[in-house]
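Novice: Could you have a look at this structure, given as structure tokens, before my questions?
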Amino acid sequence: MIPPTPPDRHADVGAYALGVLDAADAEQFEVHLAACDWCAAELEQLMGLPRVLADFKASAPTPETITAVPGPGLLHGLLGEVTATRRGRARRRLFLVAAAVVLIVGGPLVALSLKGGAADPPAPAAPPLASAVRAQYAEGEKVTSVDPDTKVSAGVSMASRPWGTQVVLELANVKGPLSCSLIAVGKDGHRQTVTTWAVPKGGYGIPGSPAKWNREPLYAAGGAALDRGDIDHFEISTLEGKRLATVKA
């Protein structure tokens with residue numbers, strides 16, 4: 625996905641993922657997030673940073689405390705590097721970049737101990753998982769289904785818009801790795817791709833999973849250039865064509 629020309633709100637996605645925006649800026653960003661597919665995708669990429677920082681503390685070989693004073697332009701540059709790193713660079717490099725982001729954000733008031741101890745500050749609470757997308761799902765007209773063969777649970781929330789239908793998917797009990805798509809099928813048989821996404825090995829909405837992120841369902845937002853009344857059903861499939869679930873509209 626090619627990022628749009630970034631106004632200030634696009635640049636806030638990394639700081640929001642780290643939980644360092646103040647309440648007013650976080651609220652403004654969530655309003656922006658509700659209408660920005662690019663920021664929603666970037667936020668999904670960055671949601672694991674609090675866990676990465678915890679792993680970094682646990683894996684460091686010697687105790688050390690680092691502090692840093694913010695410099696002009698460093699925060700946005702480092703957040704951009706975090707995004708690029710999560711997409712394919714070495715894990716150790718991601719640890720260092722993520723730690724640097726927290727230090728730059730916090731300046732002299734933040735110290736990160738690289739080895740656990742009594743003096744360590746409490747770990748930052750993870751921000752809401754795409755709270756604006758969850759809110760969109762909760763507010764729309766919802767239809768749900770559990771596929772009898774795959775046992776995948778799918779819910780689709782729809783809201784009429786002047787351009788068509790806003791669609792938010794809730795997906796659970798699905799394991800990966802998979803690349804998937806949500807297709808809106810019109811009553812005339814016309815098919816439109818609403819959104820695509822990847823399912824990691826641990827999956828989404830897996831009850832009893834040891835990892836919190838795998839217990840959470842997936843929320844994915846998109847849209848169809850079909851009026852609400854013209855949609856017959858939705859199909860959730862892998863990109864190879866294997867059906868995961870069908871939801872009647």
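Count along the sequence shown from 1, then add 624; that gives the number in this note's numbering. For each residue, glycine too, the CB sits at the ideal point set by N, CA and C. Because the structure is a prediction, the values reported are computed rather than measured.
Would the stretch 833-841 count as touching the stretch 645-660 if we require 3 or more Cβ pairs under 8 Å?
Specialist: The answer is no - the stretch 645-660 does not touch the stretch 833-841, with fewer than three Cβ pairs under 8 Å.
Novice: Looking at Lys799 and Lys825, is the spacing between their C-beta atoms short of 9 Å?
Specialist: It is a contact, given that the beta carbons lie within the stated cut-off.
Novice: In its own chain, which residues sit with a C-beta less than 7 Å from the C-beta of Arg716, not counting the 5 before and 5 after it?
Specialist: Legend: pLDDT at Arg716 = 45, less than 50; position of this residue unreliable, no value from coordinates given.
Novice: Using 10 angstroms around the beta-carbon of Pro772, count the other beta-carbons present and answer buried if the total reaches 16, otherwise exposed.
Specialist: Result: exposed.
Novice: For my contact list, Arg815 and Val823 are in at a C-beta cut-off of 8 Å; report their separation, rounded to the angstrom.
Specialist: Wrong, their Cβ atoms sit about 21 Å apart, outside the cutoff.
Novice: Less than 9 Å between the beta carbons of Leu806 and Ile855, yes or no?
Specialist: No.
Novice: Could you pull the start and end residues of the beta strand (DSSP E) that Arg852 belongs to?
Specialist: Element bounds for Arg852: n/a, residue is neither H nor E.
Novice: Beta carbon of Val757, beta carbon of Ala845: below 9 Å?
Specialist: Yes, they are a contact pair.
Novice: For Lys825, which three-state DSSP category applies?
Specialist: In the structure shown, Lys825 sits in coil (DSSP, three-state: anything other than H, G, I, E or B).
Novice: Are the CB atoms of Gln760 and Val780 within a distance shorter than 9 Å?
Specialist: No, they are not a contact pair.
Novice: Can you give me the C-alpha to C-alpha distance between Thr789 and Leu850, rounded to a whole angstrom?
Specialist: Distance between the alpha carbons of Thr789 and Leu850 is about 6 Å.
Novice: Apply the 10 Å Cβ neighbour rule to Leu842 and answer buried if 16 or more other Cβ atoms are within range, or exposed otherwise.
Specialist: The residue in question, Leu842, is buried, as its Cβ has 16 or more Cβ neighbours within 10 Å.
Novice: Taking DSSP as the reference, what is the three-state secondary structure of Glu794?
Specialist: It is a strand residue.
Novice: From the DSSP output, read off the bridge partner residues of His591.
Specialist: This structure cannot speak to residue 591, because the chain is shown only from 625 to 873.
Novice: What residues match up with Gln816 in a beta bridge as DSSP calls it?
Specialist: For Gln816, which the question treats as bridged, DSSP gives the partners Ala808.
Novice: Within 10 angstroms of the Cβ of Gly853, are there 16 or more other Cβ atoms? Answer buried if so, exposed if not.
Specialist: So Gly853 counts as exposed.
Novice: Identify whether Lys766 lies in helix, strand or coil by the three-state DSSP scheme.
Specialist: Strand at Lys766.
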